[in-house]
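For the sequence shown, my numbering assigns the number 3 to the initial residue and increments by one for each residue that follows. One structure below.
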Amino acid sequence: MRKVITYGTFDLLHYGHINLLKRAKDLGDYLIVGLSTDEFNQIKGKESYFSYEQRKLLLESIVYVDEVIPEKNWEQKKNDIMSNEIDTFVMGNDWEGKFDALSDYCEVIYLPRTEGISTTKVKTDLNKQT
């Protein structure tokens, strides 16, 4: 069985997220999503609309996602790869080059973002409507 892992906040879930998850799952048989906890988001300077538990519930309902684990810090990725026997690490290409060091442990793939959509765009568009 080929295992794939990706990470993110996945707040305000949209079709760009779904596209990423589908393409990640297409690279293997089992997809694990490392979901940023609320505490880790605070460290990153991000504030999510939905709580960790709400975002986890949404991700678990997506057919492409086999397992959701908490992402608590930047450093855990190597340990997650090793302990879950990951074959492929996937991120959006906005992170291109940032995780190349993980190629010592598994294949690293950066997937193109879905054009015309992002959580930032959704928030901006919603703010324009008020």
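Quick reminder that beta carbons are idealized off the backbone N, C-alpha and C, glycines included. On a predicted model such as this, the values are computed, not experimentally measured, just so you know.
Runs of the beta strand (DSSP E) spanning 3 or more residues and lying entirely within the stretch 31 to 77 occur at 32 to 38 and 69 to 73, in chain order. By a beta-carbon distance limit of 8 Å, S38 does not contact T8. Their separation comes to about 12 Å. Residue pairing by DSSP places V6 opposite L33 and T90 in a beta bridge. Ranking Y32, G18 and S85 by CA distance to the CA of I119 puts G18 first. By the C-beta criterion, the stretch 105 to 117 is judged to be in contact with the stretch 75 to 93, since at least 3 inter-stretch pairs fall below 8 Å.
By the CB criterion at 7 Å, V65 and L29 fall outside the cutoff.
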